[in-house]
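**Student:** Here the protein sequences line up with chains A and B, keeping their order. Letter 3 of the first sequence, counting from 1, is numbered 3 in full-length UniProt numbering, and no numbers are missing. Letter 363 of the second sequence, counting from 1, is numbered 363 in full-length UniProt numbering, and no numbers are missing.
Number of protein chains: 2
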Amino acid sequence: MAEQYGAFTTGTGPPRIGVRTDDHVLDLTEAAHAQRRPYAHLVEGPTLNPLMAAGPEVWAQVREDVGRWEPTIALSDVTPHLPFEVADYVDFYSSENHAANVGRIFRPGGDPLPPNWKHLPIGYHGRAGTVVVSGTDVVRPRGQRKAPDDPAPTFGPTRRLDIEAEVGFVVGVPATRPVPLGDFDRHVFGVVLLNDWSARDIQAWEYVPLGPFLGKSFATSVSAWVTPLAALDGARTRPPARTGPLLPYLDDTGTPPWGLDLTLEVELNGTVVSRPPFATMYWTPAQQLAHLTVNGATLRTGDLFASGTVSGPAKDELGSLLELSWGGRDEIATGAGKRTFLEDGDEVVLRATATNGVRLGEVTGRIRPHGA
Amino acid sequence: MAEQYGAFTTGTGPPRIGVRTDDHVLDLTEAAHAQRRPYAHLVEGPTLNPLMAAGPEVWAQVREDVGRWEPTIALSDVTPHLPFEVADYVDFYSSENHAANVGRIFRPGGDPLPPNWKHLPIGYHGRAGTVVVSGTDVVRPRGQRKAPDDPAPTFGPTRRLDIEAEVGFVVGVPATRPVPLGDFDRHVFGVVLLNDWSARDIQAWEYVPLGPFLGKSFATSVSAWVTPLAALDGARTRPPARTGPLLPYLDDTGTPPWGLDLTLEVELNGTVVSRPPFATMYWTPAQQLAHLTVNGATLRTGDLFASGTVSGPAKDELGSLLELSWGGRDEIATGAGKRTFLEDGDEVVLRATATNGVRLGEVTGRIRPHGA
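1. Can you tell which of B:T293, B:V222 and B:G345 has its C-alpha closest to the C-alpha of L360 (chain B)?
2. Kindly indicate if chain A contains any beta-carbon less than 8 Å away from that of residue 392 (chain B).
3. Using a beta-carbon distance below 8 Å, is G126 (chain A) in contact with chain B?
4. In chain B, which residues lie with their C-beta within 9 Å of the C-beta of P141 (chain A)?
5. Does the beta carbon of R145 (chain A) sit closer than 8 Å to a beta carbon anywhere in chain B?
6. What does H24 (chain A) touch in chain B if you count any residue whose Cβ is under 7 Å from its own?
7. Nearest-angstrom Cα distance between T72 (chain A) and R63 (chain A)?
8. Return the chain-ordered list of same chain residues with a C-beta closer than 7 Å to the C-beta of G6 (chain A), the five sequence neighbours on each side being excluded.
9. By the criterion of Cβ-Cβ separation under 8 Å, what are the contact partners of A87 (chain B) in chain A?
10. Are Y89 (chain B) and R36 (chain B) close, meaning C-beta to C-beta below 8 Å?
11. Does V208 (chain A) get closer than 8 Å to chain B when you measure Cβ to Cβ?
12. Going by DSSP, what residue range makes up the beta strand (DSSP E) through V272 (chain B)?
13. Would the segment 332–343 of chain A and the segment 277–287 of chain A be scored as touching if the rule is three or more Cβ pairs under 8 Å?
14. Of all the options A:A87, A:A241, A:F218 and A:L120, which has the alpha carbon lying nearest to the alpha carbon of F169 (chain A)?
15. By the criterion of Cβ-Cβ separation under 9 Å, what are the contact partners of I332 (chain A) in chain B?
16. Is DSSP giving S95 (chain B) helix, strand or coil here?
17. A290 (chain B) bridges to which residues according to DSSP?
18. Determine the direct distance from the alpha carbon of P180 (chain A) to that of A54 (chain B), and round the result to whole angstroms.
19. Using the DSSP secondary-structure output, state which residues sit across from N195 (chain B) in a beta bridge.
20. Can you check DSSP and say which residues form a bridge with E265 (chain A)?
21. Taking buried to mean at least 16 other C-beta atoms within 10 Å of its own C-beta, is A152 (chain B) buried or exposed?
22. Check the Cβ of Y93 (chain B) against every Cβ in chain A and list those closer than 7 Å, keeping chain order.
23. With DSSP run on the structure shown, which of helix, strand or coil describes D137 (chain A)?
24. Can you tell me the Cα-Cα spacing of L232 (chain A) and P56 (chain A), whole angstroms?
25. What would DSSP say about D23 (chain B), mapped onto helix, strand or coil?
26. Do R142 (chain B) and G129 (chain B) come within 8 Å of each other at the CB atom, strictly closer than that value?
27. Could you name the residues of the segment 107–120 of chain B whose beta carbon sits closer than 9 Å to any beta carbon of chain A, in the order they occur along the chain?
28. What residues of chain A sit near I122 (chain B), judged by a beta carbon separation below 8 Å?
29. Quick one: list the residues of chain B neighbouring F218 (chain A), beta-carbon separation under 7 Å, in chain order.
30. Anything in chain A within Cβ reach of I367 (chain B), meaning under 7 Å, just list it in chain order.
31. Does the separation of the CB atoms of residue 382 (chain A) and D111 (chain A) fall below 8 Å?
32. For the beta strand (DSSP E) holding Q144 (chain A), just list the boundary residues, first then last.
33. From the DSSP output, in three-state form, read off E317 (chain A) for me.
34. Is the Cβ of R63 (chain B) closer than 8 Å to any Cβ of chain A?
35. Out of curiosity, what's the CA-to-CA distance linking R177 (chain B) and H370 (chain A)?
36. Using the three-state DSSP reduction, which class does I17 (chain B) fall into: helix, strand or coil?
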């Protein structure tokens, strides 16, 4: 297993920077100071942001050091914290299977994909302030819900609470100019797993014309441990063949590809219900970052952008319950009975392994009833 | 004129906190320390965030003090900075005239308003990292543009660069629970003018199904000076009569209303082209905040939410060039020739005055060509 970076405490005091390898953690804050490393001031905690801002040369130096140092703290003895301070959070929509499935479920009879889908990686801003670390309970949100046949919306707890299994990319080095495809790894520090919790009934009623808002903004969970992008070099792969021409800023045919061969795992109440293949994503994270910045939007350390729900073509490769239950029609067998959407008390775990053997940090969350 | 709060420098060194009255500024950082005021540590700069977080009792104490102290620095001698650190930025869509006009221009033949519009204040998250202070030049963004008749999108500078005249509300006191209508002024510190620059051709091509993204994310300008909410007490007014029933969390018939009687002014190249009346907004900022938090989304100090484009019913009360030119059909006379959308070099100034005589800080911006 490659090393992963995070923020942790073992008792009182502010979070320190830790490096996890399997089930042990190295206290990097302590080690860097004890060894008088030149980057010690960047790993004082409470978040990874100063280290993330320092850039690839420093990241490589740290990786080299931690490969020699022994992690001595048992993982079970540490309390993980949100590993980085989130600046802006953007969520993309880059799985063709997922986008087409959602189109078929929400807009039956129409084209499954909107006309812009093959021309640009569709994305939107989410709520940075409600990104939470793995292990944080998720309270069932309330809001306005209206089924197509209801005469008016009603208010109450969502009846269609869902997950979205995603991969998130964390920006380290800021940018004031557009980031071309080839500069992706000069800006992105690492990779997290991300669960973009979604209240489908709230979302369906609110999202036309300005996009998802309260259906998503109550919570987004990220793994406590960030896998450095460099650890995934051996998992790079070519994305699926493009079925339409790309504008030059998105055309990656001449550059080393930024597809990643990761297999995700969605576990619901102890049962693995899906294994979404990240290599099927139509748009790569390098294309997402190029698109996000091409209009002149600047990047800050801590900017987080997520892939969108990862869904493969097979029935057991879907990254949301919306798709797995086909809009609530089919039941899914879990370790605590059959489900269409999430019930109170349900626990979701996302995991991912790359073809080069590297694992991403897992992301877990349990549903708490409203008012509990 | 009521006092306004901001961050400023006069030479080198980090920004200090200033209080503007007309054309003079009080150095609050210095005055609070010299007078040994108990809140002195909250106004050390470089932003208003610590003061904003302290709550209404401290805000009132500061207002009382600054009413007695003489502002001695000429406004022309200070350089203003972004007055607060933006946490999350949300943009609403709460003018019925504006929403109906956009519907008529973009979706002719359909219903002007989407079916949810009278049930909830529609909103979405924008990019916090590209909120800039008044006076910052705005570089014309590039992106994918596709007119309905074009066979494919092309890439280049936007041809339909627009403004949106809005009023922004700045959260001071965080919240971990929904904020009911009656608690609005326990959380909101103050009010800014806001120009939500918009690239209409980029936006039109990208926004279905997940909402505006690159058409907005390149820049959002806010006034350098924040007017305390309490200074607008005398401008409170009842919002327009609601034409549909409201769910209880949005029903403000039993509470003192949070409509505000402000007249905005849109100046383009020295010519006032519009005077949008804020009192015509269908949804009040208190309803916006109640909606934003009703799903359990938490609030942070520095959260900024904007009203959406303010447009009145008359032709000279529209808050965007999209509406003033009716989708580019009609020309608008300005001090530098006729316009439909913005040309390079154009300067936009937004101002606002309340019925109680209080003025909001103005927000200005000049368009720079791409690559200049």
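All C-beta atoms in this analysis are idealised placements derived from N, C-alpha and C, irrespective of residue type, glycine included. Note that the structure is a prediction, hence the values are computed from the model and not measured.
**Tutor:** On the basis of the coordinates in this document:
1. On the second sequence, residue 360 (chain B) is found 360 positions in, with the first residue counted as 1. The option with the nearest alpha carbon to L360 (chain B) is B:V222.
2. Residue 392 (chain B) is absent from the model: chain B starts at 1 and stops at 372.
3. Translated into the one-based positions of the first sequence, residue 126 (chain A) becomes position 126. Yes, because at least one Cβ of chain B sits closer than 8 Å to the Cβ of G126 (chain A).
4. Numbered from 1 along the first sequence, position 141 holds the residue referred to as residue 141 (chain A). Those are V294, N295, G296 and A297, listed as they occur along chain B.
5. Stepping through the first sequence from its first residue, residue 145 (chain A) is reached at position 145. Cβ-Cβ to chain B under 8 Å: no for R145 (chain A).
6. Residue numbering aside, residue 24 (chain A) sits at position 24 when the first sequence is read from its first letter. By Cβ distance, chain B contributes nothing, its closest Cβ being about 33 Å from H24 (chain A), past 7 Å.
7. As a working note, residue 72 (chain A) is residue 72 in the first sequence. As a working note, residue 63 (chain A) is residue 63 in the first sequence. If I take the Cα positions, the gap works out to 17 Å.
8. Here residue 6 (chain A) is taken as the residue at index 6 of the first sequence, counted from 1. Excluding sequence neighbours, G6 (chain A) sits near G18, R20, P80, P83, A224, W225 and V226.
9. In the second sequence, the residue the question calls residue 87 (chain B) occupies position 87. Those within 8 Å of A87 (chain B) in chain A are A128 and G129.
10. Reading the second sequence from its first residue, position 89 is the one you call residue 89 (chain B). Reading the second sequence from its first residue, position 36 is the one you call residue 36 (chain B). Cβ atoms of Y89 (chain B) and R36 (chain B): not closer than 8 Å.
11. As a position in the first sequence, residue 208 (chain A) is number 208, starting the count at 1. So, interface residue.
12. By 1-based counting over the second sequence, the position of residue 272 (chain B) is 272. For V272 (chain B), the enclosing beta strand (DSSP E) starts and ends at T271 to S274.
13. no
14. For this step, residue 169 (chain A) is matched to residue 169 along the first sequence. Comparing alpha carbon positions, the residue from A:A87, A:A241, A:F218 and A:L120 closest to F169 (chain A) is A:A87.
15. In the first sequence, residue 332 (chain A) corresponds to position 332, counting from 1. What I332 (chain A) touches in chain B: nothing, since even the nearest Cβ is about 25 Å away.
16. Along the second sequence, read from residue 1 onward, the residue named residue 95 (chain B) stands at position 95. Three-state result, S95 (chain B): coil.
17. On the second sequence, residue 290 (chain B) is found 290 positions in, with the first residue counted as 1. In the DSSP assignment, no residue is bridged to A290 (chain B).
18. Here the question's residue 54 (chain B) lines up with position 54 in the second sequence. Here the question's residue 180 (chain A) lines up with position 180 in the first sequence. Approximately 43 Å, taken between the alpha carbons.
19. Taking the first residue of the second sequence as 1, we reach residue 195 (chain B) at position 195. Paired residue(s): B:A165 and B:S221.
20. Position 265 of the first sequence, counted from the first residue, corresponds to residue 265 (chain A). According to DSSP, which records beta bridges pairwise, E265 (chain A) is partnered with A:R351.
21. Mapped onto the second sequence, residue 152 (chain B) falls at position 152. Exposed, because fewer than 16 other Cβ atoms sit within 10 Å of the Cβ of A152 (chain B).
22. Counting from one through the second sequence, the residue named residue 93 (chain B) turns up at place 93. L210, listed in chain order.
23. As a first step, residue 137 (chain A) is located in the first sequence; it is residue number 137 there, counting from the start. Note: D137 (chain A) maps to coil in three-state DSSP.
24. Here residue 232 (chain A) refers to the residue found at position 232 of the first sequence. Here residue 56 (chain A) refers to the residue found at position 56 of the first sequence. Those two C-alpha atoms are separated by around 14 Å.
25. Position 23 of the second sequence, counted from the start, is the residue given in the question as residue 23 (chain B). Three-state result, D23 (chain B): coil.
26. Translated into the one-based positions of the second sequence, residue 129 (chain B) becomes position 129. Translated into the one-based positions of the second sequence, residue 142 (chain B) becomes position 142. Taking 8 Å as the Cβ cut-off, G129 (chain B) and R142 (chain B) do not qualify as a contacting pair.
27. R107, P114, P115, N116, H119 and L120
28. Position 122 of the second sequence, counted from the start, is the residue given in the question as residue 122 (chain B). E206, P209, L210 and F213, listed in chain order.
29. By 1-based counting over the first sequence, the position of residue 218 (chain A) is 218. Ordered by position in chain B, the residues that pass the 7 Å Cβ test against F218 (chain A) are N295, G296 and A297.
30. Numbered from its first residue, the second sequence carries residue 367 (chain B) at position 367. Those do not exist, as I367 (chain B) stays about 12 Å from chain A at its closest Cβ, beyond 7 Å.
31. This structure does not reach residue 382 (chain A), given that chain A is present from 1 up to 372, and the question cannot be answered.
32. By 1-based counting over the first sequence, the position of residue 144 (chain A) is 144. Note, Q144 (chain A): beta strand (DSSP E), R142 to R145.
33. Locating residue 317 (chain A) in the first sequence gives position 317, where the first residue counts as 1. E317 (chain A) falls in the helix class under three-state DSSP.
34. For the purposes of this step, residue 63 (chain B) is taken as the residue at position 63 of the second sequence. No, no contact with chain A.
35. Position 177 of the second sequence holds residue 177 (chain B). Position 370 of the first sequence holds residue 370 (chain A). Each residue's Cα considered, the two are about 12 Å apart.
36. Taking the second sequence and counting its residues from 1, one reaches residue 17 (chain B) at position 17. Strand, per DSSP.
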